[in-house]
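Accompanying notes for the structure given below.
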Amino acid sequence: MAEFYGTWKEDTYVCDKCEWKGTGADCTQGEMFNDLFEIDCPSCKERVDVVLYPTIEDSRANWDKVSEEDKIMIQAREQFLNEAKTRCLESPEELPDVEGDNLIFVWDQQKGDTVISYGKEIIWREPAFYEGYSRFEEVAVILKKKYGAKLIDLAPAERSQNYLLGDSFSAVGTIQIVRNCLGLNEWQDLPIKNSRHRTMVDWSQVVVEKPNINKIDFSDSRSAHDLSKLPRLHSTRQLPEICSDDDLIFVWDEQEAVPIQQIVIRYGNDIIWKEFNYYECYNRFEPIAMLLQQKYGKRVKDLIPTRRSEINLYGDCKTAESIVGLVQGNLWMSRYTKDVGDITEETCKNNSGKNNSHNTKSSVTASLSTASDSSKDIKSGYKIYVEEDYWFQDDPELLSAGKVIYETYEDALRECKRMIDDFLIRNYKPGMTVDELYNLYLQFSDEPYIIPRGENNQFSHSKYAKEQCVEICG
Ligand SMILES: [Zn+2]
Numbered sequence: 068m069a070e071f072y073g074t075w076k077e078d079t080y081v082c083d084k085c086e087w088k089g090t091g092a093d094c095t096q097g098e099m100f101n102d103l104f105e106i107d108c109p110s111c112k113e114r115v116d117v118v119l120y121p122t123i124e125d126s127r128a129n130w131d132k133v134s135e136e137d138k139i140m141i142q143a144r145e146q147f148l149n150e151a152k153t154r155c156l157e158s159p160e161e162l163p164d165v166e167g168d169n170l171i172f173v174w175d176q177q178k179g180d181t182v183i184s185y186g187k188e189i190i191w192r193e194p195a196f197y198e199g200y201s202r203f204e205e206v207a208v209i210l211k212k213k214y215g216a217k218l219i220d221l222a223p224a225e226r227s228q229n230y231l232l233g234d235s236f237s238a239v240g241t242i243q244i245v246r247n248c249l250g251l252n253e254w255q256d257l258p259i260k261n262s263r264h265r266t267m268v269d270w271s272q273v274v275v276e277k278p279n280i281n282k283i284d285f286s287d288s289r290s291a292h293d294l295s296k297l298p299r300l301h302s303t304r305q306l307p308e309i310c311s312d313d314d315l316i317f318v319w320d321e322q323e324a325v326p327i328q329q330i331v332i333r334y335g336n337d338i339i340w341k342e343f344n345y346y347e348c349y350n351r352f353e354p355i356a357m358l359l360q361q362k363y364g365k366r367v368k369d370l371i372p373t374r375r376s377e378i379n380l381y382g383d384c385k386t387a388e389s390i391v392g393l394v395q396g397n398l399w400m401s402r403y404t405k406d407v408g409d410i411t412e413e414t415c416k417n418n419s420g421k422n423n424s425h426n427t428k429s430s431v432t433a434s435l436s437t438a439s440d441s442s443k444d445i446k447s448g449y450k451i452y453v454e455e456d457y458w459f460q461d462d463p464e465l466l467s468a469g470k471v472i473y474e475t476y477e478d479a480l481r482e483c484k485r486m487i488d489d490f491l492i493r494n495y496k497p498g499m500t501v502d503e504l505y506n507l508y509l510q511f512s513d514e515p516y517i518i519p520r521g522e523n524n525q526f527s528h529s530k531y532a533k534e535q536c537v538e539i540c541g
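Converting from the sequence shown to the working numbering requires adding 67 to each position, the first position being numbered 1.
Structure representation (structure tokens):
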């Protein structure tokens with residue numbers, strides 16, 4: 068192994084294979100790597116030695132040997148590094164306090180800067196480095212020192228990845244290991260090793276426990292049937308308003324919940340959607356991403372899975388990860404937008420009233436709390452619930468999401484009847500008996516009811532459905 072500014076150009080080499088003999092300067096340059104390149108025998112291309120690239124310090128120490136061209140490059144690089152150094156995160160004390168228990172930060176890139184954000188909040192900003200995955204690791208360590216067990220992930224946004232990963236083969240692996248380890252609760256006394264250029268965490272010494280895989284047994288038809296009734300995101304109405312002109316980067320995460328683990332879509336501190344999670348749920352990724360962009364328009368730039376959600380999201384499906392990648396690319400290119408973005412922004416302005424539309428955080432909260440307040444205040448109107456809402460009755464936010472408020476009981480009743488009629492007409496096939504249609508209804512319909520209940524005439528969806536079955540089949 069030769070030093071770049073050493074004597075290898077003058078040294079004599081003998082090829083092991085063809086016995087060619089000559090100086091290093093006569094050799095041809097072979098394959099190039101991060102830290103070194105090969106020099107090959109000019110006659111048979113066999114490798115005769117490797118040469119280490121110089122560090123800036125090496126070049127400075129051999130300044131008289133450096134070409135004029137390289138001197139300009141090195142000086143420019145030094146200037147960049149000096150400027151960068153003044154802006155780079157060095158200690159946990161430089162970071163702001165952040166509220167919340169499950170902190171999932173986004174590693175994003177804006178122009179020449181790396182930006183670490185939590186929802187709308189920008190936690191840190193510094194110059195971005197090409198193939199900056201070792202910087203990713205350094206920053207992750209400092210973030211973990213500051214936020215401890217509360218920090219569970221640092222998720223790179225799609226648009227940051229070209230620059231972050233560069234051409235490096237090891238970059239993806241490094242970032243995955245760092246992200247896995249961020250999820251560990253204890254992250255003190257990390258094993259350290261010294262490489263040629265810097266001190267780094269010795270990841271090979273870090274033990275990461277594999278998370279439990281939460282497979283649902285679909286062979287149990289009953290549980291499959293129950294699951295099919297749990298609410299899923301199917302309409303933009305189910306999502307809260309987010310008033311901001313900034314880019315929106317959402318996080319796809321999961322959390323334990325009763326009766327079943329949930330997929331949660333986060334925007335910083337706010338959970339804007341949750342629905343049931345299952346193994347290999349990657350086919351939910353595109354519909355949800357699409358609705359996010361249809362709701363929030365071109366502002367939506369990414370939906371990033373957390374490390375802990377990847378096991379259920381991808382499962383054993385080999386193509387799942389690339390499907391998710393394609394969807395992220397589509398979000399970035401705004402391919403899911405319908406030309407309704409302006410309407411959403413208009414709604415925002417109306418909802419927030421006098422509020423400055425830049426105040427995203429309070430706007431999200433405002434929109435969610437309006438929804439839950441009205442579910443508590445039964446005098447404010449009538450709402451239709453369906454059987455699947457049962458699962459989320461302890462969660463007023465989710466329960467109220469997308470619910471239409473009817474001014475009078477009669478209005479709500481009319482809508483309930485329409486829903487039932489609609490189901491029966493759609494499912495009726497010529498020749499069906501009353502019982503067949505009615506059983507189908509009991510098994511698969513939404514079973515709507517109205518809250519608060521009417522005064523004397525307690526509406527029974529099943530009684531009404533039975534009457535309609537007789538009407539339709541009879
Ligand atoms: Zn040779």
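In this text, a Cβ means the ideal position worked out from N, Cα and C, and glycines have one as well. Owing to the predicted nature of the structure, the values given are computational and were not obtained by experimental measurement.
Please work out which residues of its chain come closer than 6 Å, Cβ to Cβ, to residue i, disregarding the five sequence neighbours upstream and downstream, and give them in chain order.
| i | result |
| --- | --- |
| V394 | F352, E353, A356 |
| L509 | none |
| I338 | V331 |
| W191 | L156, I183 |
| L315 | Y363, R366, V367 |
| W340 | L300, I332 |
Which residues in the same chain as residue i place their Cβ atom closer than 7 Å to its Cβ, once the five residues preceding and following it in sequence are excluded?
| i | result |
| --- | --- |
| L370 | F317, W319, A356, L359, Q395, L398 |
| M486 | D513, P515 |
| K213 | P159, L162 |
| Y200 | L231, L232, S235, A238, T241, I242 |
| V453 | D513, E514, P515 |
Specify, as a first and last residue, the run of the alpha helix (DSSP H) that residue i falls within.
| i | result |
| --- | --- |
| D478 | 476–494 |
| A222 | Per DSSP, A222 belongs to no alpha helix (DSSP H); it is in the beta strand (DSSP E), 218–223. |
| W174 | Premise fails: W174 lies in the beta strand (DSSP E), 170–177, not in any alpha helix (DSSP H). |
| R114 | It is not in any alpha helix (DSSP H) - R114 instead sits in the beta strand (DSSP E) that spans 114–119. |
| Y200 | 200–214 |
| S242 | Rather than Ser, the amino acid found at residue 242 in this sequence is Ile. Run containing I242: 238–249, per the alpha helix (DSSP H) assignment. |
Tell me whether residue i is buried or exposed, calling it buried when 16 or more other Cβ atoms sit within 10 Å of its Cβ.
| i | result |
| --- | --- |
| F236 | exposed |
| E538 | exposed |
| N149 | exposed |
| D168 | exposed |
| R374 | buried |
| E193 | buried |
| A224 | buried |
| W130 | exposed |
| E136 | exposed |
| I98 | The question names Ile, but residue 98 is Glu in the sequence shown. E98 is exposed by the Cβ-count criterion. |
Just tell me which of the options has its CA closest to the CA of residue i.
| i | options | result |
| --- | --- | --- |
| D93 | D102, L103, C111 | C111 |
| K138 | S126, D489, N149, D313 | S126 |
| C536 | F526, P497, I518, G521 | P497 |
| Y449 | C85, I518, M400 | I518 |
| K120 | G521, D314, P109, F100 | For clarity, residue 120 is Tyr in the given sequence; the question names Lys instead. When each option's Cα is compared against that of Y120, the closest is F100. |
| P307 | I332, D314, E323, E321 | I332 |
| K470 | K533, T303, A128, T79 | T303 |
| V377 | R402, N344, A151, Q361 | As written in the sequence, residue 377 is Glu, which differs from the Val given in the question. Checking every option, the nearest Cα to that of E377 belongs to N344. |
| E70 | I451, G186, E124, Y230 | E124 |
| I219 | V117, G250, A207, I451 | G250 |
| C85 | P109, N494, Y452, E482 | P109 |
| F490 | K533, Y185, E474 | K533 |
| S527 | M400, W87, I451 | I451 |
Leaving aside the five residues before and after residue i along the sequence, list all residues of the same chain whose C-beta is less than 8 Å from its C-beta, in chain order.
| i | result |
| --- | --- |
| K530 | none |
| D488 | Q535 |
| S227 | W174, D175, Q176, T181, A195 |
| A387 | E347, Y349, L380, Y381 |
| G521 | Y476, L480 |
| D75 | The question names Asp, but residue 75 in the sequence shown is Trp. Within the same chain, W75 has close Cβ partners A69, G91, I106, D116, V118. |
Can you tell me where the beta strand (DSSP E) with residue i in it begins and where it stops?
| i | result |
| --- | --- |
| P354 | Segment 352–363 is the alpha helix (DSSP H) holding P354; no beta strand (DSSP E) there. |
| F343 | 337–343 |
| G97 | 95–99 |
| L315 | 315–322 |
| E157 | Here E157 belongs to no beta strand (DSSP E), and DSSP marks it neither H nor E. |
| D369 | 367–372 |
| F104 | 103–107 |
Quick one: measure Cβ to Cβ for residue i and residue j, integer angstroms, because I've assumed they're closer than 8 Å.
| i | j | result |
| --- | --- | --- |
| V245 | F203 | 6 Å |
| V17 | C82 | Nothing about residue 17 can be read from this structure; the chain reaches only from 68 to 541. |
| A222 | I171 | 6 Å |
Hey, which residues come within less than 6 Å of ligand 3, measuring from Cβ to any heavy atom, in chain order?
Here the bound small molecules are ligand 1; ligand 3 is not part of this structure.
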